[in-house]
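Chemist: Protein chains in written order, with our numbering: chain A, 1 to 103; chain B, 104 to 262; chain C, 263 to 472; chain D, 473 to 740. The structure that follows is given in the form of structure tokens.
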Amino acid sequence: MGSPMKIRASLSGETADVKVLMRHDMETGQRKDASGAVIPAWYIQEVTVALNGKAVVTAEWGAAVSKDPYLALKVKGAKSGDAVSVTWVDNKGDTRTDETKIA
Amino acid sequence: MREALNLERRKALKAGAGFGLLSALLSVGLISPQQARAAVNKGAFDAKTLDETYKALGVSAPAVSDQVVINASDIAENGAVVPIGIKSNLPNTQMVALLVERNPNPLSASYNLTEAAVPEVTMRVKMGQTSNVIALVKADGKFYTATKEIKITLGGCGG
Amino acid sequence: MRYKLFVLAALAGMSVGAGAAETASLVAKQAEKMFLESFRSDNPKYWMRRLEQDEAMRLCSTYKDNPPAKIRQQIQLKEMATIRYPVDGKLIGDWMEGEKLASSGRGGHIGFIQPDPRGTPRGGNCYACHELSPREVAYGTIGPSLKHFGRTRGNGEDVIKYVYDKVYNSNAFSACTNMPRFGYHSWLTPEQITHIVAYLLDPESPVNGD
Amino acid sequence: MRHLLALLAGCVLASAAMAARAQDKSGDEVAKYREMLADGNPADLVELRGEELWKAKRGPKNASLEQCDLGLGPGVVDGAYAQLPKYFPDSKKVMDLEARLVYCMTTLQGFTEAEVTKAWFTKPGKEADMEALVTFVGARSNGKPINVANRHPQEAAMAKMGEYIFYRRAGPQDFSCAICHANDNKRIRLQELGNLTTKEGAGTAMKSFPAYRVSQGNVWSMQRRLIDCMRQARWPEPKYLSDAVIALEVYLQGKANGTVMQTPGIKR
Numbered sequence: 001m002g003s004p005m006k007i008r009a010s011l012s013g014e015t016a017d018v019k020v021l022m023r024h025d026m027e028t029g030q031r032k033d034a035s036g037a038v039i040p041a042w043y044i045q046e047v048t049v050a051l052n053g054k055a056v057v058t059a060e061w062g063a064a065v066s067k068d069p070y071l072a073l074k075v076k077g078a079k080s081g082d083a084v085s086v087t088w089v090d091n092k093g094d095t096r097t098d099e100t101k102i103a
Numbered sequence: 104m105r106e107a108l109n110l111e112r113r114k115a116l117k118a119g120a121g122f123g124l125l126s127a128l129l130s131v132g133l134i135s136p137q138q139a140r141a142a143v144n145k146g147a148f149d150a151k152t153l154d155e156t157y158k159a160l161g162v163s164a165p166a167v168s169d170q171v172v173i174n175a176s177d178i179a180e181n182g183a184v185v186p187i188g189i190k191s192n193l194p195n196t197q198m199v200a201l202l203v204e205r206n207p208n209p210l211s212a213s214y215n216l217t218e219a220a221v222p223e224v225t226m227r228v229k230m231g232q233t234s235n236v237i238a239l240v241k242a243d244g245k246f247y248t249a250t251k252e253i254k255i256t257l258g259g260c261g262g
Numbered sequence: 263m264r265y266k267l268f269v270l271a272a273l274a275g276m277s278v279g280a281g282a283a284e285t286a287s288l289v290a291k292q293a294e295k296m297f298l299e300s301f302r303s304d305n306p307k308y309w310m311r312r313l314e315q316d317e318a319m320r321l322c323s324t325y326k327d328n329p330p331a332k333i334r335q336q337i338q339l340k341e342m343a344t345i346r347y348p349v350d351g352k353l354i355g356d357w358m359e360g361e362k363l364a365s366s367g368r369g370g371h372i373g374f375i376q377p378d379p380r381g382t383p384r385g386g387n388c389y390a391c392h393e394l395s396p397r398e399v400a401y402g403t404i405g406p407s408l409k410h411f412g413r414t415r416g417n418g419e420d421v422i423k424y425v426y427d428k429v430y431n432s433n434a435f436s437a438c439t440n441m442p443r444f445g446y447h448s449w450l451t452p453e454q455i456t457h458i459v460a461y462l463l464d465p466e467s468p469v470n471g472d
Numbered sequence: 473m474r475h476l477l478a479l480l481a482g483c484v485l486a487s488a489a490m491a492a493r494a495q496d497k498s499g500d501e502v503a504k505y506r507e508m509l510a511d512g513n514p515a516d517l518v519e520l521r522g523e524e525l526w527k528a529k530r531g532p533k534n535a536s537l538e539q540c541d542l543g544l545g546p547g548v549v550d551g552a553y554a555q556l557p558k559y560f561p562d563s564k565k566v567m568d569l570e571a572r573l574v575y576c577m578t579t580l581q582g583f584t585e586a587e588v589t590k591a592w593f594t595k596p597g598k599e600a601d602m603e604a605l606v607t608f609v610g611a612r613s614n615g616k617p618i619n620v621a622n623r624h625p626q627e628a629a630m631a632k633m634g635e636y637i638f639y640r641r642a643g644p645q646d647f648s649c650a651i652c653h654a655n656d657n658k659r660i661r662l663q664e665l666g667n668l669t670t671k672e673g674a675g676t677a678m679k680s681f682p683a684y685r686v687s688q689g690n691v692w693s694m695q696r697r698l699i700d701c702m703r704q705a706r707w708p709e710p711k712y713l714s715d716a717v718i719a720l721e722v723y724l725q726g727k728a729n730g731t732v733m734q735t736p737g738i739k740r
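Right, here's the structure in full:
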């Protein structure tokens, strides 16, 4: 079920600045461990950012996204108190959703 | 039963931008992640060259545009984490994607934007070596690009 | 507690008028013991031997790399005598091989956390400390810039021998310098050192290009 | 002749200026890279996990670490990191944060020392609890000045021995800590090296650890940092929590004394 994300959402005018940190290994499947065995690919493939439950941005990721992913984007028509939620799904089917209110 | 599930799935896929639904299906184990991936950007993430990637994405002859801006440093101290921002000043921007030319699979990430999104995203990607990075933008049905070289330097003690 | 007892015992044995030097050597004795006891007991003996100091290391450590002139002279003379040359006597090799060595900081890492895989070739890691080719931006500044070294110094016999000797045993010229003694420790072979010489002096080498 | 000399001197100056500009440009770009990284430090997530671990009832005694005495009394976390390492009368030893956490995990929670030190750093797929705890406790000293008084004779003795080790050369590259870290304004490759014998240099280093290392993808404690320095020096591997490592920490914290903590940092 994954580790919690850290979502920051701040308002400037009617635009919300959303910054997300996720905890994920984002293994490419190309690395080997100390014993020489390949570490299997394990990475987030899909991210959805929603405002008050309505998807604003949907992203597809490859294994090239860095470990402990960071994502920053901007949402229009937001106001203080609105809910920003982020959902990710990885290639093993693990998923996680976190939510924050715009300050 | 299988029929029913397939129907369910087709409905979900038909919903198009229904990523939320997709993840809901995934989380209850109705479809496998591989199926999910196949449903969205078939092949593009596995493509090994820029041309193959464009082909898989259905892009032909994208125009270079100064309305697409890449925000990144010329030098990255470490290839494991390279922060890159893409901004589009083109009206009706629907999609932005980041490609790293010399990575084993150039396509790193793509973002479908609704009208509620400002066409500006920042992310961090791995780069195996010094390479051009390409911002690919779809606006009003047409594709545009911007390119920037990012140097990956050997850092620290070197070992 | 162990240390305290040791201090007391040592103090009792001190002659009248014992000064800073004795205190310093006392600290050194304790610290040396503690240092050597601080390594994992499963480090193989041949790894642990890397912690042993030769005379130059010991003197440089004692004087914090700034020994008095007399000792400096003594170290340099002794180190100069250690330099060995390739069998064929040729001191300038292949700059392309030299570039590989200059760029690599790998090899020789031991321990249990991130050792180099067996057989990893040792690099000279010149770029960690020196600017060399104008095309490489990621260079260190611990040592002086060697950009255009051959262009400015030429590549006469004397210069070739000087560069070879300096890389083989830096302490022969400058006691307690930050630069490793690459040949003395067999970190690089005499032949590999001739490649580094070429990288610095060959007119074709990128070090002497624009 | 004089003209020629003047001309030559001019050339030297010009090329020096050009080189300086080229270096500034690299420097600016590296600064921009770091600025973009600083906007989101994954160590913040590690810190959250550390707080959970701190409060969780664990071990054979089913106890949390909330009564652990980090030097300011049982349960006081705020500002504790900034005044470590220090001498603890209960263990009769100078301990850094990690040594102290191990002490608390054995005495309060009933773990064995071997259990809690076995996986002290993160490996692929296995996050180390110790790193998370250190990140949490470290962050609770944010904004506090480093304050290691070295009042106890054992602390003073450790600082002296740390200094000795700092200058001790060994190994097939003749390295000591001082080779890279006893001069001002030097770089290794593109990374600036702090002069750890000065307050400024030691302060810059010590205030930012524990720090997230993007090249490693996890947080490094000062133990990990120093043990890896010895690996880079091509030395054998020191024991985790050994006196030599703690002595170096005491020496360096002493040099950094008074510097305001700013942790977790984010580094290459």
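Built from N, CA and C at the ideal position, the CB exists for glycine as well. All figures in this text were calculated on a predicted structure; none of them were measured in a lab.
Thinking C-alpha only, which one of G522(D), M577(D), G551(D) is nearest A535(D)?
Modeler: M577(D)
Chemist: What would DSSP say about Y119(A), mapped onto helix, strand or coil?
Modeler: There is simply no residue 119(A) to check, as chain A begins at 1 and stops at 103 in what is shown.
Chemist: DSSP three-state call for G132(B): helix, strand or coil?
Modeler: Because the pLDDT of G132(B) is 40, which lies under 50, any placement of that residue in the model is unreliable, and the number read from its coordinates should be weighed accordingly. Coil, per DSSP.
Chemist: Pull the bridge partners of I173(B) from the DSSP assignment, please.
Modeler: Beta-bridge pairing links I173(B) to I189(B).
Chemist: Listed in chain order, which residues of the segment 23 to 52 of chain A have Cβ atoms closer than 9 Å to some Cβ of chain D?
Modeler: R23, D25, M26, E27, R31, D33, A34, I39, W42
Chemist: Please confirm whether L21(A) has its beta-carbon closer than 8 Å to some beta-carbon of chain D.
Modeler: yes
Chemist: So, do the segment 714 to 727 of chain D and the segment 626 to 646 of chain D have three or more beta carbon pairs nearer to each other than 8 Å?
Modeler: yes
Chemist: Report the rounded CA-to-CA distance for E587(D) versus I39(A), giving the unit in angstroms.
Modeler: In this structure, the CA atom of E587(D) is about 25 Å from the CA atom of I39(A).
Chemist: Between P442(C), V469(C), N470(C), which lies nearest to G367(C) when the distance is taken from Cα to Cα?
Modeler: P442(C)
Chemist: Apart from the five residues just before and just after Y559(D), which ones in its own chain have a Cβ nearer than 6 Å to its Cβ?
Modeler: Cβ within range, chain order: V566, H624, Q626, E627.
Chemist: Run down chain C in chain order and give the residues with a C-beta less than 9 Å from the C-beta of K229(B).
Modeler: Chain C residues near K229(B): none, gap ~18 Å exceeds 9 Å.
Chemist: Listing by chain order, which chain A residues have their CB less than 9 Å from the CB of P557(D)?
Modeler: Neighbours of P557(D) on chain A: none; closest Cβ ~29 Å, over 9 Å.
Chemist: State buried or exposed for A283(C), treating a residue as buried only when at least 16 other CB atoms are found within 10 Å of its CB.
Modeler: Exposed, because fewer than 16 other Cβ atoms sit within 10 Å of the Cβ of A283(C).
Chemist: In chain F, what lies closer than 9 Å to I178(B) by C-beta?
Modeler: Among the chains of the structure shown, chain F does not appear; the protein chains present are A, B, C and D.
Chemist: Please report the Cβ distance between D94(A) and G2(A), rounded to the nearest whole angstrom; I am assuming they are in contact, meaning their Cβ atoms lie under 8 Å.
Modeler: At roughly 6 Å, the Cβ-Cβ gap stays under 8 Å, so D94(A) and G2(A) are in contact.
Chemist: So the beta strand (DSSP E) F560(D) belongs to, where does it begin and stop?
Modeler: 558 to 560
Chemist: Check whether the Cβ atoms of A150(B) and L210(B) sit closer than 8 Å, and answer yes or no.
Modeler: yes
Chemist: How many whole angstroms separate the CB atoms of Y363(C) and T456(C), which I take to be in contact at a CB cut-off of 8 Å?
Modeler: In the sequence on display, residue 363(C) carries Leu and not Tyr. Not confirmed; about 11 Å, so no contact.
Chemist: Using 8 Å as the limit for Cβ to Cβ distance, is D472(C) near chain D?
Modeler: Contact of D472(C) with chain D is not assigned, every C-beta pair being separated by 8 Å or more.
Chemist: Taking the alpha helix (DSSP H) that R415(C) falls in, what are its first and last residues?
Modeler: 411 to 415
Chemist: Helix, strand or coil for G402(C), going by three-state DSSP, please let me know.
Modeler: coil
Chemist: By the criterion of Cβ-Cβ separation under 7 Å, what are the contact partners of V56(A) in chain B?
Modeler: By Cβ distance, chain B contributes T217, A219, A220.
Chemist: Nearest chain A C-beta to R640(D) closer than 8 Å, yes or no?
Modeler: no
Chemist: 8 Å is my cut-off, CB to CB: does M602(D) come that close to chain C?
Modeler: With respect to chain C, the C-beta atom of M602(D) has no partner C-beta closer than 8 Å.
Chemist: From Q170(B) to V199(B), what does the alpha carbon distance come to, in whole angstroms?
Modeler: 13 Å
Chemist: Going by DSSP, what residues sit across from N690(D) in a beta bridge?
Modeler: R685(D)
Chemist: Looking only at C-alpha atoms, which of N667(D), W526(D), G634(D), A677(D) sits nearest to D601(D)?
Modeler: Closest by alpha carbon: W526(D).
Chemist: Give the range of the beta strand (DSSP E) segment to which G737(D) is assigned.
Modeler: Boundaries of the beta strand (DSSP E) around G737(D): 737 to 739.
Chemist: How big is the Cα-Cα spacing for G29(A) and E155(B)?
Modeler: 21 Å
Chemist: Helix, strand or coil for Q292(C), going by three-state DSSP, please let me know.
Modeler: helix
Chemist: What is the DSSP secondary structure of L759(D), counted as helix, strand or coil?
Modeler: With chain D running from 473 to 740 in the structure shown, residue 759(D) is simply not present.
Chemist: Below 7 Å on C-beta distance, what does P648(D) contact in chain C?
Modeler: For the sequence presented, residue 648(D) should be read as Ser rather than Pro. Correct list: S323.
Chemist: Say whether the segment 247 to 257 of chain B touches the segment 228 to 238 of chain B, bearing in mind that this needs 3 or more beta-carbon pairs closer than 8 Å, one atom from each stretch.
Modeler: Contact holds: three or more Cβ-Cβ distances are below 8 Å.
Chemist: What does the alpha-carbon distance come out to for the pair I102(A) and G666(D)?
Modeler: 40 Å
Chemist: On the DSSP letters alone, give me the boundaries of the beta strand (DSSP E) that T95(A) sits inside.
Modeler: 95 to 101
Chemist: Within a Cβ cutoff of 8 Å, which residues of the same chain sit near G369(C), ignoring the five residues on either side of it in sequence?
Modeler: D378, T382, P383, R384, G385
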